[in-house]
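Remarks on the structure that follows.
Residue numbers (this note's numbering): 150 to 297.
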C-alpha cells in the first residue's frame with residue numbers, strides 16, 4: 150500500500166519517512182517564508198463637545214511609509230448605534246494629498262471597522278474629522294491632526 154504524499158516545501162512526506170526508516174541522517178534546507186511582521190498602528194482619536202468618541206487607526210509596515218489598512222471606531226455618548234456617520238481624512242504625506250471622504254453610511258457602535266485599503270506615503274500632516282449622526286439633533290463632530 151502506498152503511503153500518501155504531502156508536500157512540505159521541497160521535501161515530501163514519503164521521502165522523509167523513507168529516509169527515517171533507513172536510518173539515514175539527512176540534512177535539508179527548507180525555504181520557509183519568514184513570519185509576517187506584525188503591523189504597527191498609529192492611532193488618532195478625538196472627542197466631540199458632546200462626548201462622542203472617534204478613533205482612526207493607520208496600520209503600517211516599517212516607518213509609516215506603507216499604510217496597509219485604515220480603520221475607524223466611533224462611539225456615541227448617548228443613544229443607540231447609528232449608521233449615517235462619517236470619518237473623513239486628509240493625508241498630506243503624499244503628493245497630491247490623499248483625501249478620503251467616507252460614504253454617509255459608517256456605523257457608530259464602538260467596534261473597529263475597515264475604512265479603506267493601503268497606500269504609500271512620505272512624511273507630512275494627517276488630519277481626520279468624525280461626523281456623528283444624531284437622530285433628531287444636529288450632527289456632532291470632532292477633529293484631530295498630527296504630523297508624522
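Beta carbons are placed, not taken as given, at the ideal position from N, Cα and C, and that holds for glycine. What you are looking at is a predicted structure, and each value in this text was computed from that prediction instead of being measured.
I need the boundaries of the beta strand (DSSP E) containing residue i, first residue and last residue.
i, result
"residue 267", "262 to 269"
"residue 205", "202 to 210"
"residue 255", "255 to 257"
"residue 216", "215 to 224"
Using three-state DSSP, classify residue i as helix, strand or coil.
i, result
"residue 170", "With a pLDDT of 41 at residue 170, under the threshold of 50, the predicted position of this residue should be treated as unreliable, though the coordinate-derived value follows. Reduced to three states, the DSSP call for residue 170 is helix."
"residue 295", "strand"
"residue 240", "strand"
"residue 273", "coil"
"residue 227", "coil"
"residue 280", "strand"
"residue 109", "There is no way to answer for residue 109, as the model of the chain reaches only from 150 to 297."
What do you get for residue i, buried or exposed, if any count of 16 or more other CB atoms within 10 angstroms of its CB means buried?
i, result
"residue 204", "buried"
"residue 286", "exposed"
"residue 282", "buried"
"residue 310", "No information on residue 310 is available, as it lies outside the stretch 150 to 297 that the chain covers here."
"residue 257", "buried"
"residue 262", "exposed"
"residue 250", "exposed"
"residue 242", "buried"
"residue 232", "exposed"
"residue 98", "A question about residue 98 goes unanswered here, because the residues of the chain that appear run from 150 up to 297."
"residue 280", "buried"
"residue 227", "exposed"
"residue 260", "exposed"
Check the C-beta distance from residue i over to residue j and give it rounded, since I have them as a contact under 8 Å.
i, j, result
"residue 240", "residue 246", "6 Å"
"residue 237", "residue 277", "7 Å"
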